[in-house]
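Peer 1:
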Amino acid sequence: MGALVAIVALHFVLPEGYAHAFTDPVVIEFAAGVVVGRLWLHGTRLPLGAGLAMSGAGFLLLAAGTLFDADLPRALLWGLPAALIVAGAVFAERARPFK
84 MGALVAIVAL HFVLPEGYAH AFTDPVVIEF AAGVVVGRLW LHGTRLPLGA
134 GLAMSGAGFL LLAAGTLFDA DLPRALLWGL PAALIVAGAV FAERARPFK
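Residue 84 is where the sequence shown starts when you use the working numbering, and the numbers rise one by one after that.
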């Protein structure tokens, strides 16, 4: 997770070019998906409420992004809500309340 934060920070520091391409918002969004996938593969479990809260927060951020489009980077405007929705769904499913 720390590496993902470092990559986001480097995007604003690095000059245009090859290294800047690795900090493109699409790459950052992909990396967030990789983090969620790794957590799932390692068997990380969260309570059902936490998973539902993550999904709910993601949907709220997604809706708020269309209302308050304040020149935010794409990774924050669309990537963070999408990652929260996917992570919430994954962890809510793993909680298996309806076996």
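Every residue gets a Cβ at the ideal spot worked out from N, C-alpha and C, and that includes glycine.
1. In three-state terms, what does DSSP make of residue 98?
2. Let's test the definition: count the other Cβ atoms within 10 Å of the Cβ of residue 119 and tell me whether it reaches 16, buried, or not, exposed.
3. Is it the case that the stretch 124 to 135 contacts the stretch 147 to 159, given that we only count it when at least three CB pairs across the two stretches are under 8 Å?
4. Taking the CB atoms as reference points, tell me whether residue 135 and residue 164 lie closer together than 8 Å.
5. Considering only C-alpha positions, which residue in the set 112, 89, 93 is nearest to residue 157?
6. Residue 127 by DSSP, collapsed to three states: which one?
Peer 2: Let's see:
1. Shown here, residue 98 sits in coil according to DSSP, grouped into three states, outside any helix or strand.
2. By the neighbour-count definition (other C-beta atoms within 10 Å, threshold 16), residue 119 is a buried residue.
3. The answer is no - the stretch 124 to 135 does not touch the stretch 147 to 159, with fewer than three Cβ pairs under 8 Å.
4. Contact: no.
5. The shortest C-alpha to C-alpha distance from residue 157 to any of 112, 89, 93 is the one to 112.
6. Residue state, collapsed to three classes: coil.
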